[in-house]
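Down below is the structure, laid out as structure tokens.
Structure follows, in structure tokens:
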């Protein structure tokens, strides 16, 4: 039977973080999904960890260390779901994330993808008012930015477009996402769907950072047309002299734990980021501990 969602998760030598991410999927209110864990030639026992979970969780492995973008492509080729949900191995999703992604994709057939918000373990208190907005390619050409990182899904048709591109990048998934945003409408939902763990960025090696910087240079060279109509901010982000340093110096932007206070629906949904010592009430008042 075809699952509704496919979660593709590349991983390299993260065991504790991987378990945390997989455990958050086990707690999903929507259980009709598959999770493809792509081991990017790790030296740690990733396969053993995946084997601890049920048969919805599948283990794939690259022959060599090819980087997260290429490893994700390996998972794309094996996906069976109606939509792809993006989740990194060092982050986690709240129990309603997959269900809400499916809900909004059904609600907005013109959208090729949908995303909610990540919240962060440390940082400033942020209030989210709920609602959604359909973003068009024009928005991205004008340099539209989200105040916090997003977590979400795209339809299978988008993944098929990505597979048709042989980009050869090491890690520059922005190649896929930028070209996606230039040709598709995307639904941005003002709801917390996942928790972003900033410390994982420290695992990136200097050589990997340098390779990503070269990816960025190549990306802009290949897409001078779209960049010519965009603001200068994307160029600053990808090609600035201090790009690598700024990447490492990035700090959390929002509160760690989201208190779900809303009623289902686009205009009536409400959420507040606040410190609850890890306790997360869902829409029906039940409590989850992540």
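In the UniProt record's numbering, the protein residues as written are 1 to 290. Note that the Cβ used here is the ideal one computed from N, Cα and C, for glycine as well. On a predicted model such as this, the values are computed, not experimentally measured, just so you know.
Decide yes or no for the touch test of the segment 14-24 against the segment 91-104: beta carbon pairs closer than 8 Å, at least 3 of them.
-> Touching, yes, given that three or more Cβ pairs across the two stretches are closer than 8 Å.
Is the beta carbon of residue 40 sitting closer than 8 Å to the one on residue 15?
-> Their beta carbons are not under 8 Å apart, which means residue 40 does not touch residue 15 by this criterion.
Residue 255 in three-state terms, based on DSSP | With a pLDDT of 31 at residue 255, under the threshold of 50, the predicted position of this residue should be treated as unreliable, though the coordinate-derived value follows. In this structure, residue 255 counts as coil in the three-state DSSP scheme.
Mapping DSSP to helix, strand and coil, what is residue 191?
-> Strand.
Cutoff 8 Å: residue 155 Cβ touching any chain C Cβ = Absent here is chain C; the protein component of the structure consists of one chain.
Residue 53 versus residue 109: straight-line alpha-carbon distance, rounded = Straight-line measurement puts the Cα of residue 109 at about 33 Å from the Cα of residue 53.
Expressed to the nearest angstrom, what Euclidean distance is found between the alpha-carbon atoms of residue 168 and residue 43?
-> Cα to Cα, residue 168 sits roughly 24 Å from residue 43.
Between which two residues does the alpha helix (DSSP H) harbouring residue 23 extend?
-> First-last of the alpha helix (DSSP H) with residue 23: 16-26.
What is the C-beta distance between residue 50 and residue 71, in whole angstroms, given that I count them as a contact (C-beta under 8 Å)?
-> Their Cβ separation, rounded to whole angstroms, is 14 Å, which puts residue 50 and residue 71 out of contact at 8 Å.
Taking residue 75 as part of the alpha helix (DSSP H), name the residues at either end of that continuous run.
-> Start and end: 68-78.
Look at residue 56 and residue 34 and say whether their C-beta atoms are less than 8 Å apart.
-> In this structure, residue 56 sits near residue 34, with a CB-CB distance shorter than 8 Å.
Specify, as a first and last residue, the run of the alpha helix (DSSP H) that residue 98 falls within.
-> Here the alpha helix (DSSP H) through residue 98 covers 97-107.
Reduced DSSP category for residue 291 - H, G, I as helix; E, B as strand; rest coil | Nothing can be reported for residue 291, as the shown portion of the chain is limited to 1 through 290.
Inter-residue Cα distance where the pair is residue 5 and residue 86 = Annotation: residue 5 to residue 86 spans about 10 Å, alpha carbon to alpha carbon.
Assign residue 6 to one of three DSSP states: helix, strand, or coil.
-> Strand, per DSSP.
Same chain, Cβ closer than 6 Å to residue 333, neighbours up to 5 away in sequence not counted | Outside the displayed span of the chain (1 to 290) sits residue 333, for which this structure offers no information.
The alpha helix (DSSP H) spanning residue 157 covers which residue range?
-> Where residue 157 is concerned, the enclosing alpha helix (DSSP H) stretches over 156-163.
Start and end of the alpha helix (DSSP H) containing residue 48?
-> First-last of the alpha helix (DSSP H) with residue 48: 46-50.
Of the residues 103, 219 and 102, which one's Cα is nearest the Cα of residue 177?
-> Checked all of 103, 219 and 102; the closest Cα to residue 177 is 219.
Residue span of the beta strand (DSSP E) that contains residue 116, given as start and end | Segment 113-119, the beta strand (DSSP E) holding residue 116.
From the DSSP output, in three-state form, read off residue 180 for me.
-> Residue state, collapsed to three classes: helix.
Using 10 angstroms around the beta-carbon of residue 248, count the other beta-carbons present and answer buried if the total reaches 16, otherwise exposed.
-> Note that residue 248 scores 34 on pLDDT, short of 50, meaning its location in the model is unreliable and no value can be drawn from it.
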